[in-house]
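There are 2 protein chains.
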Amino acid sequence: MRIATWNVNSVRARQQRLVNWLKSAQPDVLCLQELKCTDADFPFDAVKEAGYFAAVHGQKTYNGVAILAKTEPTDVIRGLSDGVDDTHARFISATVNGIRVVSAYAPNGQQVDSPAYVYKLEWYRRLRNYLDTRHKPDDLVVMGGDWNIAPEPIDVYDVAQWEGQTLFTLRERDALQQLRAFGLTDAFRQLHPDVQKFSWWDYRMLMFPKNKGVRIDHLFLTAPLLPRLTACDVDREERKGQQPSDHAPVWLELKD
Amino acid sequence: MRIATWNVNSVRARQQRLVNWLKSAQPDVLCLQELKCTDADFPFDAVKEAGYFAAVHGQKTYNGVAILAKTEPTDVIRGLSDGVDDTHARFISATVNGIRVVSAYAPNGQQVDSPAYVYKLEWYRRLRNYLDTRHKPDDLVVMGGDWNIAPEPIDVYDVAQWEGQTLFTLRERDALQQLRAFGLTDAFRQLHPDVQKFSWWDYRMLMFPKNKGVRIDHLFLTAPLLPRLTACDVDREERKGQQPSDHAPVWLELKD
DNA sequence: GTATCGAAAG
DNA sequence: CTTTCGATAC
């Protein structure tokens, strides 16, 4: 079973690339982020034509997440549903083939200590609370998303430059660690302890050609799924060519 | 010798279509209108790659005209050069293979009697004056352009609807007639006296699928070129498909 | 650099 | 409907 995550940076602007990628990569499940469109504007027809069901939590202009799957996702939950007044469409979960799948788009955080940064840390706390409330660590859970946090020094292209910058501050890395402490493992790092691969490269300054990126798109697994994990990688090819997203898809393979 | 005219409605938005059309239609000369970009933003490289020189008179956002040719255009004149203070880039002329070629983008005129309408009539008068000043009726001159005037009832899809509307008012048709009175012949009508073909269809209201258009893109010839005129047609195919211009190219063939 | 938006123009 | 712009966000 192949599960992937991809921040498409506008599902309408990237519709053809999305369909092409689905057809060639053939994931069983794809977590999408930054749809940048409402449910009404989501390209359901093109996705269905490619062989996928879609559970969508859209929003105009900003955010928007979805779970695409070859079998129909059930028990869809849109938003963290914790009573907090929050209009951002950053979270969706659904059950696919007996696995609880999450597609998450963590806040970027803008500048350190800005309201957006505070919101980011709080959002991570709320997501941990979601897990504590709804799940046990031995549930079958896969959380894919753009987490907007590089977990470790190896996950940024230049530690000296990134130190103290949003996406890599100690408080953000700690927030991610608190989330993972629920019982989640980073699939890529689990299989490749010493490999430096990135999933996002700024559009500007030729960052992709220079391979100056960061790894902020992750797939997290609960413990019972770890023995089934056989592969995890970044599809760097998808960042190439005309009008790519600034993120590359990340995928994993579960045996059985 | 094949000479064409095409209002591309943004040369940057239409760059790939332009290159494809040049490669398949292989005109010796192409008059372009509504470049909607400055000279600095004109895609000289792509045009050169397709085998064409380009004489450009660009303008930001609006208007902009060019003459593309397989041999280098010489003696380029940008604007009507009549001392009138006019920032609109609507006129360029150059010599190609011994023929004086004009690419013109006539004002639209907006509403009847609006300042834009007055400007349109005046622009036609100035263009006639340009010819009187610079040319004799037996010079070899081809004027291609978006003239924003349908000359005759046959040139609009519904005379009753168009009567009195801009593009078809008597005063506009008279202004065009005054211009032609210099000694110009409408190549398409010359060869096809009774054929109704359109060159522009509004993007809205499914006007193209319904073939509700008007013929406002014309190629005018001076008398000495008439005996050489062997063909003239509208390339309706170019209006089809994804992201077309709202105008189709019009082309003619001169023998020898 | 690449999206979004709404306004203005055709 | 399609394009432009300038503003905003990442």
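First to last, the sequence lines map onto chains F and E. The first sequence begins at 1 in this note's numbering and counts up by one. The second sequence begins at 257 in this note's numbering and counts up by one. By construction, the Cβ of each residue, glycine as well, lies at the ideal position given by its N, Cα and C atoms.
Exercise. Use the C-beta contact count for residue 329 of chain E: other C-beta atoms within 10 angstroms, 16 or more gives buried, fewer gives exposed.
Key: buried
Self-check item: Option nearest residue 46 of chain F by Cα separation, candidates F/255, F/227, F/64 and F/23
Solution: F/23
Practice problem: Give, in chain order, every unbroken run of the alpha helix (DSSP H) that is at least 4 residues long and sits entirely within the stretch 427-482 of chain E. | Solution: 443-447
Practice problem: Report the three-state DSSP secondary structure of residue 101 of chain F (helix, strand or coil). | Solution: Three-state DSSP puts residue 101 of chain F in a strand.
Quiz item: Just curious, the alpha helix (DSSP H) that residue 242 of chain F is in, first and last residue?
Solution: Premise fails: residue 242 of chain F is in no alpha helix (DSSP H) and is neither H nor E.
Quiz item: How should residue 186 of chain F be labelled, buried or exposed, when 16 other C-beta atoms within 10 angstroms of its C-beta is the threshold for buried?
Solution: buried
Exercise. State the CB to CB distance for the pair residue 394 of chain E and residue 504 of chain E, rounded to an integer number of angstroms; the pair is presumed to be in contact (CB under 8 Å).
Key: Beta-carbon to beta-carbon, residue 394 of chain E and residue 504 of chain E are separated by about 31 Å, too far to satisfy the 8 Å threshold.
Practice problem: Using the Cα positions of residue 215 of chain E and residue 506 of chain E, report the straight-line distance between them to the nearest angstrom. | Solution: Here chain E covers residues 257 to 512 and nothing more, so residue 215 of chain E does not appear.
Quiz item: Which whole-angstrom value describes the C-beta separation of residue 575 of chain E and residue 490 of chain E, a residue pair presumed to lie in contact below a C-beta threshold of 8 Å?
Solution: Past the edges of chain E, shown from 257 to 512, lies residue 575 of chain E, and the structure says nothing about it.
Quiz item: Can you name the residues that DSSP bridges to residue 289 of chain E?
Solution: E/263 and E/321
Self-check item: Unbroken stretches of the alpha helix (DSSP H), 4 residues or longer, contained in the stretch 93-139 of chain F
Solution: 115-134
Quiz item: Could you give the residue range of the alpha helix (DSSP H) that holds residue 273 of chain E?
Solution: 271-281
Quiz item: Does the beta-carbon distance from residue 502 of chain E to residue 473 of chain E come in below 8 Å?
Solution: No, the pair does not count as a contact, with Cβ atoms beyond the cut-off.
Self-check item: Length of the line joining the Cα atoms of residue 92 of chain F and residue 219 of chain F
Solution: 15 Å
Quiz item: How many Å lie between residue 370 of chain E and residue 461 of chain E at the Cα?
Solution: 25 Å
Quiz item: Ends of the alpha helix (DSSP H) at residue 305 of chain E?
Solution: Run containing residue 305 of chain E: 300-305, per the alpha helix (DSSP H) assignment.
Practice problem: Using DSSP bridges, identify the partner residues of residue 146 of chain F. | Solution: F/105 and F/217
Quiz item: Between the C-alpha atoms of residue 68 of chain F and residue 488 of chain E, what's the straight-line distance to the nearest angstrom?
Solution: Straight-line spacing of the CA atoms in residue 68 of chain F and residue 488 of chain E works out to 52 Å.
Quiz item: Who are residue 313 of chain E's beta bridge partners in DSSP?
Solution: E/321
Practice problem: Decide yes or no for the touch test of the stretch 120-133 of chain F against the stretch 4-15 of chain F: beta carbon pairs closer than 8 Å, at least 3 of them. | Solution: no
Self-check item: Separation of residue 41 of chain F from residue 151 of chain F, as counted between CA atoms
Solution: Straight-line Cα distance between these residues: approximately 34 Å.
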